[in-house]
Structures are given as structure tokens and as C-alpha cells.
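Here our numbering is used: position 19 in the sequence shown is 16, and no number is missing along the way.
Cβ atoms here follow ideal geometry from the backbone N, Cα and C, with glycine treated the same way.
Predicted model only: the values in this text are computed from it and were never measured.
This report refers to the structure that appears directly beneath it.
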Amino acid sequence: MHSSAPATLSTATYRERLSPSLWALASAAVCGPMVALVLAPLDAVVGLLVGAAVGIAVVALLVAASPVVAVSPTHLHVGRARIELHYLGAVEAMTGEEARHARGPGLSPASWHLLRGGIDGIVRVAIDDADDPVTHWVFSSRTPERIVALVRAAHS
């Protein structure tokens, strides 16, 4: 009997963090100066130190909490979701107008999705599992063609 250990993100053949856009990070960093301004009347030095710490912490939390897309030899990981590659059907990469349509009017209510603003690329993967009510996974990626190539290579 053959048994294989579950794939982990450390054995991934592809890994991408869907970190926030530069504009989102810059907007979050504004929290630091706001805290500094609130605390400045009490003590300017403390206000500056706490403001800098808050700004750094908010940006770090946004990056650390960003979902990860990974393709391992046996699984596709998107955020906290994971599916074995043999359950995946047709896979397609989209960018531009096609991706905009897939994120908006073309998004099926029966699909599972993880979409991030500021990331143009979209991957849509059909789910070939009769027991799964989800028909497709639709998720953001900065390099959707690479994910499609890896999933297709796993099927051949």
C-alpha cells in the first residue's frame, strides 16, 4: 500500500503572496502619523515613537495577513482553501477586460473566489468533483499563466 505525506507550502513548486497594492500600503501607513498627532499634545517624542510603531505594525499586518496561492505536486492552495490537483478540470488564465468580466458579471454564485483589488490577473479552475457544490475556483494572481501551466503539467 502506497501512502504519501500531505503536501505543505514548503514543498510548493509555486508560491505567491497576494500582498496589498502600493496604494493600500501607503494608505495604511497614514495610521502612524495620525496616532502621532493624537499623542503629540501629551508628549511629542512618545507620539512620534508610538506613531512610527503603529504605522509599521499596520503595514506589516496587512502583508502578513495576505493570502498565499501555492501549487504543490499534489495540491492547489488558495488562501486557507486546499484541493487535490486530480479534482481540477479545465483551467484558464485571464487578464484585462476578460479578467474584469470574470470578477464582475461573469462571476458565478456557485463558484468559490478569492479576489484582490490591484491584481489584474485571474485564474479560473473548474472543479471535477460530483460531491462538491462549488463548480469553479476563481482567484487573483499576478502570474496566472504560470499557475495554469503548472496545473496542466500536473494533469499530464
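- C-alpha of residue 147 to C-alpha of residue 24: approximately 35 Å in a straight line.
- Inter-residue distance for residue 127 and residue 108 is about 14 Å (C-alpha atoms, whole angstroms).
- Checking the DSSP bridge columns, you'll see residue 120 partnered with 90, 136.
- Residue 91 is classed as buried because its beta carbon has at least 16 other beta carbons within 10 Å across all chains shown.
- Distance check between residue 112 and each of 125, 37, 98 places 98 closest, using alpha-carbon atoms only.
- Annotated three-state conformation of residue 68 is strand, per DSSP.
- Distance from the CA of residue 52 to the CA of residue 35, rounded to the nearest whole angstrom, comes to 14 Å.
- Note that the stretch 12 to 31 touches the stretch 54 to 69; at least 3 beta-carbon pairs, one per stretch, sit closer than 8 Å.
- By the neighbour-count criterion, in which a residue is buried when 16 or more other Cβ atoms sit within 10 angstroms of its Cβ, residue 13 is buried.
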